[in-house]
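**Student:** Taking full-length UniProt numbering, I'd label the letters of the sequence shown as residues 1 to 609.
Quick one: this structure, given as structure tokens, is what I'll be asking you about.
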Amino acid sequence: MTDTDQLRALRASTDLLAIWDENGDFLGASAGVMALVSDDPLLGLATEGWTQLAAARARLDATHPVQRLRLVHATAGGGWAALDWCLCTAVGGIVIGQAVQAEGAHDEVKAALLREAIGALPDGFALFDPDDRLVLWNARYLQIFEGHPTPRLEGMRFDDIAQLCFDMGLYRGAERLDPDYLTRRISAHRRADGDLVQELPDGTVEIIKERRLPSGGIVGIHAVVTRLAQDHKAAVEASAAKSAFLSHMSHEIRTPLTGILGMIDLMSEEPDPNRQTEMLETIRASGRTLLGIVNDVLDVAKIEAGRLRLESIPFTPDDVLRPILMRHDYQAHGKGLALDVIWEGTPGLRRLGDPLRVGQVVDNLVSNAVKFTERGVVRITIANQEEGGLVIEVQDSGIGMTAEQVAQLSAPFQQADATIARRFGGTGLGMAIVGHILRACGGGMTVDSAPGIGTRFRVVLPLPRAVDAQDALEARRDQQRKSLRGMRALVADDNFVNREILGGFLTKLGLQCTMVEDGVRAVEAAVSEDFDIILLDISMPRMSGVEALQEMRRQRGRMPPVLAVTAFAMADQVQEMRRQGFDGHLGKPFSRVDLEAELLRVLEAAPAP
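Written out as structure tokens, the structure reads:
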């Protein structure tokens, strides 16, 4: 019979047999063994059991031809079984083991269960016998040796373990805090009646709870608490920052709102057309301010939810940034400041990126420079080079910042100093948004600042040049814009002003509009007429937008694309609209550009009729 035939016969046997080669490598086990123990080369043995087995095999020789030992195996059913093994050497150095199920092995099984339970603990565990020798521990207990060779600890006295850790420098900072730390640590262990705080090499902190057992031994639990404490501290600080933010947000919102409502009252009684025009401009400016605050809050909410995404479309930085800089130039002159703008590089060079977010970065930087500068100059340099991306520098002669204040710039709901909100106003959200945009596009920002001297921001945006393929994409979008002309749109909104705005924007885009004031009339129109796109307000009387969409689908089946037009703009709310069957979402307030972009997106994604 060949070796292969012998191994095949062994594996078919129902007896409890196993075989190893002359090097100690496991060759196989019988069907009886594999039916009982876990199906792996270790035969369900823990490290301790496998070590015992290897030692027994090594002791086999002419003087000791047989070795007997008891091992505890993890069973295929998830429990434990104790087997009494008899090992002997065959021809060629092969080791054959035969086992029988051990009688009265409850203690060994219980010990195996105990070791398994201790190994699963999330905290470090150590058990010392009455002679203060380590007899049982888990992997978490060895965390103190992370990054260092782990010594053989079994049977070591605690005094020796503590001395070893001290000599290896594993009690972080102990020699600085107290020259007698080692003596105090050993004394605390022997008392075993309190808690001890100990710093580990990686900077985490353990709370060690040691207690003496009735048998005289000592059990210790090592719980790592630093990460939990740091998370708790960060949560408390974030909550406090948001509370402070909300406490003065009412002022930031009420100021432009007062301007809008007050000017409307005055305008209703003002007969002079020129004066009415001035009031109308004040209303428009206040509305933009209010919209900016709302947009900042929504952007930060998207950032915290990880859902602020950047576009990648061709654009010309000059065209995007000039209107922003002109607006700030007007504000700067109103404060008696000079606003110097320097354009470098290639005029008209197109980039691939998100023009809205690039403009948002520049808008925030220049707005802060003008806001925090009371006299002098604000200088903006925009370098749109053939190579090297888009580089923007904003330098002012304003109040400046300390290094600590610079470090807080990207924290949401905060400003560099608590008094700034009272002195200059603002929400403290702008720089948090800037920081996220820069990270999202792979950009970077450096800040040089000194109190009383001023601040210089340098932003590098690695935006690639727009290639011919992107030019073709833009041409295709131009063609899509033309395709909007003549399309039929159904608009349902219970608010007259919102209907007028939607109708006006859609008409300017070339669409023909049918306007209704609630969900019931929207269903009637959608069932009786054909439309290319439907825009539904969500909160309408008689029938909501969601109910109207469900009824439309029930009555007509196939539907054109449907947009949810709503003030619900949080990420989870938008997702809910999609789950309800809407093809797109238009958050109020919106611009004509927003409306056009969402129309083109959903129409392009819609299946062909």
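Idealized CB from N, CA, C, for every residue including glycine.
#1: Note down, one range per segment and in chain order, each beta strand (DSSP E) of at least 3 residues found wholly within the stretch 64-101.
#2: Sort Val-593, Arg-542, Ser-528, Phe-582 by Cα distance to Ile-501 and report the nearest one.
#3: Excluding the five sequence neighbours on either side, which residues of its own chain have a C-beta within less than 7 angstroms of the C-beta of Asn-23, listed in chain order?
#4: Restricting to Cα atoms, I'd like to know which of Lys-588, Ala-76, Ile-118 is closest to Leu-45.
#5: State the Cα-Cα distance for the pair Tyr-181 and Thr-51, rounded to the nearest angstrom.
#6: Taking all protein chains shown into account, decide if Ala-117 is buried (16 or more other Cβ within 10 angstroms of its Cβ) or exposed.
#7: Within the chosen definition, does the stretch 260-278 reach the stretch 542-558 through at least 3 CB pairs nearer than 8 angstroms?
#8: Suppose you measure from the CA of Val-100 to the CA of Gln-143; what does that come to, to the nearest Å?
#9: Could you check where the beta strand (DSSP E) with Lys-209 kicks off and where it finishes?
#10: Using a 10 Å radius around the Cβ and a threshold of 16 neighbouring Cβ atoms, would you call Cys-165 buried or exposed?
#11: Identify the continuous alpha helix (DSSP H) that holds Arg-322 and give its terminal residues.
#12: What does the Cβ neighbour count give for Phe-315, buried or exposed, with the cut at 16 atoms within 10 Å?
#13: Nearest-angstrom Cα distance between Gln-415 and Gly-119?
#14: Just to confirm before moving on: does the CB-CB distance between Ser-286 and Asp-354 stay below 8 angstroms?
#15: Rounded to whole angstroms, what is the Cα-Cα separation between Leu-535 and Val-358?
#16: Ignore the nearest five residues each way along the sequence and tell me which others in Met-1's own chain have a CB closer than 8 angstroms to its CB.
#17: Counting C-beta neighbours from all protein chains within 10 Å, is the total for Leu-291 16 or more, i.e. buried, or is it exposed?
#18: In terms of residue numbering, what span does the alpha helix (DSSP H) encompassing Asp-160 cover?
#19: Assign Arg-351 to one of two classes, buried (16 or more other C-beta atoms within 10 Å of its C-beta) or exposed (fewer than that).
#20: For the pair the stretch 382-392 and the stretch 333-352, tell me if three or more CB-CB distances fall below 8 angstroms.
#21: Would Val-394 and Leu-365 qualify as a contact pair, given that the criterion is a beta-carbon distance under 8 angstroms?
#22: For Val-370 and Val-378, which I take to be in contact (beta-carbon distance under 8 angstroms), what is that distance rounded to the nearest angstrom?
#23: Which of the three DSSP states, helix, strand or coil, is assigned to Ser-591?
#24: Within the same chain, show all residues whose beta-carbon is closer than 8 angstroms to that of Asp-583, passing over the 5 residues directly before and after it, in chain order.
#25: Run through the DSSP bridge pairs and tell me what Gly-49 is partnered with.
#26: Quick check on the burial criterion: 16 or more other C-beta atoms within 10 angstroms. Buried or exposed for Arg-499?
#27: By the DSSP assignment, the beta strand (DSSP E) with Glu-199 in it spans what residues?
#28: For a test of the three-state rule: what should DSSP assign to Asp-537, helix, strand or coil?
#29: Taking DSSP's pairing of strands, which residues face His-222 in a bridge?
#30: For the beta strand (DSSP E) containing Ser-449, list its first residue and its last residue.
#31: I need the boundaries of the beta strand (DSSP E) containing Glu-344, first residue and last residue.
#32: Within 8 angstroms (strictly less), CB to CB, does Arg-554 reach chain D?
#33: Specify the secondary structure class of Phe-582 as computed by DSSP and reduced to three states.
#34: Alpha carbon to alpha carbon, what distance is there between Ala-35 and Ile-96?
#35: Looking at the strands, I want to know which residues DSSP matches up with Thr-455.
#36: Which whole-angstrom value is the C-beta distance of Asp-494 and Asp-518, which I expect to be below 8 angstroms?
**Tutor:** Looking at the coordinates:
#1: Listed in chain order, they are 66-74, 80-89, 95-101.
#2: Counting from one through the sequence shown, the residue named residue 501 turns up at place 501. If we check each option's Cα against that of Ile-501, Val-593 comes out closest.
#3: For the purposes of this step, residue 23 is identified with residue 23 of the sequence shown, where counting begins at 1. Here the set comprises nothing.
#4: If you number the sequence shown from 1, residue 45 lands on position 45. The option with the nearest alpha carbon to Leu-45 is Ala-76.
#5: By 1-based counting over the sequence shown, the position of residue 181 is 181. By 1-based counting over the sequence shown, the position of residue 51 is 51. Approximately 36 angstroms between the Cα atoms of the pair.
#6: Residue 117 sits at position 117 when you count from the first residue of the sequence shown. The residue is exposed, with fewer than 16 neighbouring Cβ atoms inside 10 Å.
#7: no
#8: The residue labelled residue 100 in the question sits at position 100 within the sequence shown. The residue labelled residue 143 in the question sits at position 143 within the sequence shown. Answer to the nearest angstrom: the Cα atoms are 39 angstroms apart.
#9: As a working note, residue 209 is residue 209 in the sequence shown. Residues 205-212.
#10: The count along the sequence shown starts at 1 and reaches residue 165 at position 165. Under this definition Cys-165 is a buried residue.
#11: Start at 1 with the first residue of the sequence shown, and residue 322 comes out as number 322. First-last of the alpha helix (DSSP H) with Arg-322: 317-334.
#12: Residue mapping note: residue 315 aligns to position 315 of the sequence shown, counting from 1. Under this definition Phe-315 is a buried residue.
#13: For the purposes of this step, residue 415 is taken as residue 415 along the sequence shown, with counting starting at 1. For the purposes of this step, residue 119 is taken as residue 119 along the sequence shown, with counting starting at 1. Confidence is the limiting factor: at Gln-415 the pLDDT is only 48, short of 50, which leaves the residue's position unreliable and the question unanswerable from this model.
#14: The residue given as residue 286 occupies position 286 in the sequence shown. The residue given as residue 354 occupies position 354 in the sequence shown. No.
#15: The residue labelled residue 535 in the question sits at position 535 within the sequence shown. The residue labelled residue 358 in the question sits at position 358 within the sequence shown. Leu-535 and Val-358 have their C-alpha atoms roughly 30 angstroms apart.
#16: Position 1 of the sequence shown holds residue 1. Any reading at Met-1 needs caution, since the residue's pLDDT is 49, under 50, leaving its predicted position unreliable; the model's value is listed next. Hits under 8 angstroms: Ala-9.
#17: Within the sequence shown, numbered from 1, the residue matching residue 291 stands at position 291. Label assigned to Leu-291: exposed.
#18: Walking along the sequence shown from the start, residue 160 turns up at place 160. DSSP places Asp-160 in the uninterrupted alpha helix (DSSP H) bounded by 158-167.
#19: Translated into the one-based positions of the sequence shown, residue 351 becomes position 351. Label assigned to Arg-351: buried.
#20: yes
#21: On the sequence shown, residue 394 is found 394 positions in, with the first residue counted as 1. On the sequence shown, residue 365 is found 365 positions in, with the first residue counted as 1. Going by C-beta atoms, Val-394 is nearer than 8 angstroms to Leu-365.
#22: For the purposes of this step, residue 370 is taken as the residue at position 370 of the sequence shown. For the purposes of this step, residue 378 is taken as the residue at position 378 of the sequence shown. Between Val-370 and Val-378 a beta carbon distance of about 6 angstroms is seen, short of the 8 angstroms cut, so the two are scored as contacting.
#23: Numbered from 1 along the sequence shown, position 591 holds the residue referred to as residue 591. It is coil, neither helix nor strand.
#24: Stepping through the sequence shown from its first residue, residue 583 is reached at position 583. Same-chain partners within the cutoff: Pro-561, Val-562, Leu-563, Val-602, Ala-605, Ala-606.
#25: Along the sequence shown, one-based indexing puts residue 49 at 49. The partner list for Gly-49 (beta bridge, DSSP) is empty, contrary to what the question assumes.
#26: Here residue 499 refers to the residue found at position 499 of the sequence shown. Flag for Arg-499 reads buried.
#27: What you label residue 199 is simply residue 199 of the sequence shown in a count that begins at 1. Unbroken beta strand (DSSP E) run through Glu-199: 195-199.
#28: Working through the sequence shown from its first residue, we reach residue 537 at position 537. The answer is strand: DSSP assigns Asp-537 an E or B state.
#29: Translated into the one-based positions of the sequence shown, residue 222 becomes position 222. Paired residue(s): Gly-124, Ile-208.
#30: Position 449 of the sequence shown, counting from 1, holds the residue named residue 449. Looking at the DSSP string, the run of the beta strand (DSSP E) that includes Ser-449 is 444-450.
#31: In the sequence shown, counting from the first residue as 1, residue 344 sits at position 344. Start and end: 338-345.
#32: The displayed structure is made up of one protein chain only, and chain D is not part of it.
#33: The sequence position of residue 582 within the sequence shown is 582, counting from 1. In this structure, Phe-582 counts as coil in the three-state DSSP scheme.
#34: If you number the sequence shown from 1, residue 96 lands on position 96. If you number the sequence shown from 1, residue 35 lands on position 35. So the alpha carbons of these two residues sit roughly 18 angstroms apart.
#35: To locate residue 455, count along the sequence shown from 1; it is residue 455. Answer is Ser-449.
#36: Taking the first residue of the sequence shown as 1, we reach residue 494 at position 494. Taking the first residue of the sequence shown as 1, we reach residue 518 at position 518. The pair is a contact, with the Cβ atoms about 6 angstroms apart (cut-off 8 angstroms).
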